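Numbering (the numbering used here), first residue to last: 1 to 315.
Laid out in structure tokens, this is it:
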């Protein structure tokens, strides 16, 4: 089935189920055994890559309450690989750069996209908080060659992990993102967020060397939290807080005045995993990675509950 056909079927299904409003909670999905009970009420979308859509294995079913399917872009079902980050998982998703010498659109990445906003992700519209977490295994030790330029020595300045797009995103701009990006000439693990569509982003960057936080070939659990009400961000690795710093000391989210402060009241244009532009119109920041147990929540998960989720699966 073509991407356009998949999008049409998805929109028809959402319309039939929900009418003009946001989709109802789907308790059977949010009760996944992979999710600690403390997190289930706020689990909007989750992907374990063990649940292909019947009849179309290039799509992955959402195990959260939103029912937001994502596409395994360019690689389809071959992107599910028999690897797992935790007991009970069977598969992980593999993302990768396919041909660094060609300015094409063939990189393996995952996600969903709609220029009018993804209605099933409405929980991230006018929200005061978001958390992105999951398991990641890198198979690379530096950003990959930039396939959009003619310079063979040019490399991207970032490695994309997973995030939620803004309501006006071109496929790259995000509301909440886990990634590795150049900060003052040094690649760092970061939580990068944007409260207002068209507004400034804030970044919380880890102090520790990213190669120690994400050793090549090793599964690591990461979480990033975004408190849009206070402007606070946090990073966690294997259930423990990661020391870091804000790259801006001003007020990029404009939260110093009277509140409450929430994100723009617009449906996110999608989710991106392993690189930008889930509509597959451009390549940017590919990740030669495997990922498992990805979760997107509409709350700031406390440090205690991040630890509980990690231990829930790592025990």
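Cβ coordinates follow ideal geometry from the N, Cα and C atoms, glycine included.
The model shown is predicted, which means the values in this text are computed figures rather than measured ones.
Check whether residue i and residue j have beta carbons under 9 Å apart
| i | j | result |
| --- | --- | --- |
| residue 79 | residue 306 | no |
| residue 113 | residue 96 | no |
| residue 161 | residue 273 | yes |
| residue 216 | residue 206 | no |
| residue 223 | residue 192 | no |
| residue 38 | residue 308 | yes |
| residue 165 | residue 286 | no |
| residue 291 | residue 136 | yes |
| residue 264 | residue 45 | no |
| residue 182 | residue 266 | no |
| residue 260 | residue 128 | yes |
Exposed unless 16 or more other CB atoms sit within 10 angstroms - verdict on residue i
| i | result |
| --- | --- |
| residue 147 | buried |
| residue 49 | buried |
| residue 139 | exposed |
| residue 118 | buried |
| residue 245 | exposed |
| residue 288 | buried |
| residue 90 | exposed |
| residue 143 | buried |
| residue 188 | buried |
| residue 149 | exposed |
| residue 184 | exposed |
| residue 41 | exposed |
| residue 101 | exposed |
| residue 55 | exposed |
As assigned by DSSP and simplified to three states, the class of residue i
| i | result |
| --- | --- |
| residue 303 | helix |
| residue 120 | helix |
| residue 208 | coil |
| residue 42 | helix |
| residue 51 | coil |
| residue 312 | helix |
| residue 37 | helix |
| residue 85 | coil |
| residue 140 | coil |
| residue 58 | strand |
| residue 76 | helix |
| residue 316 | This structure gives no information on residue 316, because the portion of the chain shown stretches from 1 to 315. |
| residue 213 | helix |
| residue 246 | strand |
| residue 194 | strand |
| residue 188 | strand |
| residue 275 | coil |
| residue 261 | coil |
| residue 126 | coil |
| residue 93 | strand |
| residue 227 | strand |
| residue 104 | coil |
Backbone CA spacing between residue i and residue j [nearest angstrom]
| i | j | result |
| --- | --- | --- |
| residue 297 | residue 225 | 9 Å |
| residue 94 | residue 81 | 7 Å |
| residue 214 | residue 106 | 25 Å |
| residue 98 | residue 145 | 11 Å |
| residue 236 | residue 151 | 36 Å |
| residue 52 | residue 203 | 34 Å |
| residue 256 | residue 84 | 43 Å |
| residue 299 | residue 314 | 23 Å |
| residue 280 | residue 104 | 10 Å |
| residue 303 | residue 157 | 29 Å |
| residue 72 | residue 92 | 12 Å |
| residue 242 | residue 234 | 8 Å |
| residue 293 | residue 33 | 11 Å |
| residue 269 | residue 212 | 33 Å |
| residue 301 | residue 131 | 6 Å |
| residue 66 | residue 210 | 32 Å |
| residue 231 | residue 195 | 9 Å |
| residue 199 | residue 47 | 29 Å |
Any non-hydrogen atom of the ligand ADP within 8 Å of residue i CB
| i | result |
| --- | --- |
| residue 216 | In the structure shown, the ligand ADP is absent, as is every other ligand, since no ligand is present at all. |
Would you call the region 239-253 in contact with the region 167-181, where contact means no fewer than 3 C-beta pairs closer than 8 Å?
no
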